[in-house]
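Going by the working numbering, the residue at position 214 of the sequence shown is 418; the numbering climbs one at a time, nothing skipped.
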Amino acid sequence: MRSLILVVCLVFGQLQGTLVQHLKKIDKKKDHSWENIDFVYMINLKHRPEKWVSSKEQLDPYKIRPYRFEAINGKFIPFKIVNSLGVSYQPWMSNEGQGRHFSLNGSVVEKVNVKGRNYFCEGMTKSALGCALSHLSILHDAYSVGYPLIWVMEDDIEVLRDPRLLPELIHRLDTLVGRKNWDLLYTDRDTKNRLGEYVPCTGYAWRPDYMPKTREEFGREKVVSQDFRKVRARFGNYSIIYNRSGVKKVLTFFQRYGIFHPIDIDMFMLDNLNAYTVTEDIVSTKIDAISDNQQSSEINRE
205 MRSLILVVCL VFGQLQGTLV QHLKKIDKKK DHSWENIDFV YMINLKHRPE KWVSSKEQLD
265 PYKIRPYRFE AINGKFIPFK IVNSLGVSYQ PWMSNEGQGR HFSLNGSVVE KVNVKGRNYF
325 CEGMTKSALG CALSHLSILH DAYSVGYPLI WVMEDDIEVL RDPRLLPELI HRLDTLVGRK
385 NWDLLYTDRD TKNRLGEYVP CTGYAWRPDY MPKTREEFGR EKVVSQDFRK VRARFGNYSI
445 IYNRSGVKKV LTFFQRYGIF HPIDIDMFML DNLNAYTVTE DIVSTKIDAI SDNQQSSEIN
505 RE
């Protein structure tokens, strides 16, 4: 136990304290493991109980009992906190793009070029910021506790095939590439539009403070077996199995660079993130699900 605490302190001891202090602590009372997965989490907003019920009912037949993480509602994030989480522009950064700046009077989209001003991407909402903090709170909890393998779902899932396939698929991926050589396993191929058509990611999204070395690889995918694809980027964090290495990589990136895009876009800034998807959807997202991330750009003036 001492060695685990030491590792956690070494990894996160010199971080920008701002991000960690605004993550939500998790007080878990029950065992939420399943098969070879050490802990199963589901993110659900307090005012969306119907989504939790729908998702839970789909998982119950397979004895999957996720821990309900009450999502951080971006609508209520105070102004001071919002402006401690984005990217504070400095002269050495790129200023080729537009960004959104939140102020007490609302938010504006402008060229990113004011020294010391806090920016997010042009399309960022406070709801998407709350979503990012929710995911990062879970990853921080999982890493601190020491879980080797976790499953994180959002509350708009749709079970399309038997989830009991997943333990064997994890074993196959371990055998195929080695446990140390994969970070994330998505339980669906890609995000979908309202017609149910896959929407692949075809390019990287600009950040003023960070440019991936492998940005020319965005949009590439490689079928590595009949079960798996390796992807350089994709949209949607509806259902992901994280290896401990992936948890560490994602946390370290955000704690060093902060949040700029919605989390599903930002996390693929990492050049060394080994992400895989299944070739046939198992747990995906409902194509008609109402997104809570497109709402709320207003400011809590506290």
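Heads up, the beta-carbon is just placed ideally off N, CA and C, and yes, glycines get one too.
Contact check for S331 and D496: beta-carbon distance about 6 Å, within the 8 Å limit, so the pair qualifies. Across the structure, Y414 and V318 are spaced so that their CA atoms are roughly 17 Å apart.
Look at F472 here: in three-state DSSP terms it is helix. Cβ contact annotation for D431 (same chain, cutoff 7 Å, sequence separation greater than five): L373, R376, V482, T483, in chain order. Residue pairing by DSSP places S311 opposite F306 in a beta bridge. When C-alpha distances from E326 are compared across V291, Y245, E401, the shortest belongs to V291. Within the same chain, Q262, V487 come within 6 Å of V363 by CB-CB distance, once the 5 residues on both sides are set aside. Counting only residues of its own chain and dropping the five nearest sequence neighbours on each side, L388 has a CB closer than 8 Å to the CB of I444, I445, Y446, N447, G450, L477, N478, A479, Y480. In its chain, beyond the 5 residues on either side, L227, K228 have a beta carbon closer than 6 Å to the beta carbon of S341. The C-beta distance from F439 to T406 rounds to 10 Å, too long to fall under 8 Å, and the pair is not in contact. Ranked by Cα distance from P282, the first of R272, N299, S307 is S307.
Under the three-state reduction of DSSP, V257 is assigned to helix. Where A493 is concerned, there is no enclosing alpha helix (DSSP H), because DSSP gives it neither an H nor an E.
Distances from the CA of V381 to each of T329, T391, V427 were compared; the closest alpha carbon is that of V427. Per DSSP, the unbroken alpha helix (DSSP H) holding C335 starts and ends at 330 to 349. Proximity to K260 across H305, I241, E314, D359 peaks at D359, based on C-alpha coordinates. In this chain, the beta strand (DSSP E) harbouring F273 covers 271 to 274. In terms of Cα proximity to R433, the closest of R383, D475, R393 is R393. For K434, the pairing in a beta bridge is given by DSSP as K426, Y480. Following the DSSP letters along the chain, one finds S298 in no alpha helix (DSSP H), marked with neither H nor E.
Residue range 370 to 381 is occupied by the alpha helix (DSSP H) that includes T379, with no beta strand (DSSP E) assigned at that position.
L353 has N447 as its beta-bridge partners, per DSSP. By the Cβ criterion, the stretch 270 to 279 is not in contact with the stretch 297 to 307, since fewer than three pairs of Cβ atoms, one from each stretch, lie closer than 8 Å. In this structure, I491 places its C-beta atom within 8 Å of the C-beta atom of R398.
Considered as a whole, the stretch 381 to 420 harbours 388 to 390 as its complete beta strand (DSSP E) runs of no fewer than 3 residues, in chain order. DSSP places V487 in the uninterrupted beta strand (DSSP E) bounded by 487 to 489. G334 and G278 do touch by the CB rule: their CB atoms are close to 3 Å apart, below 8 Å.
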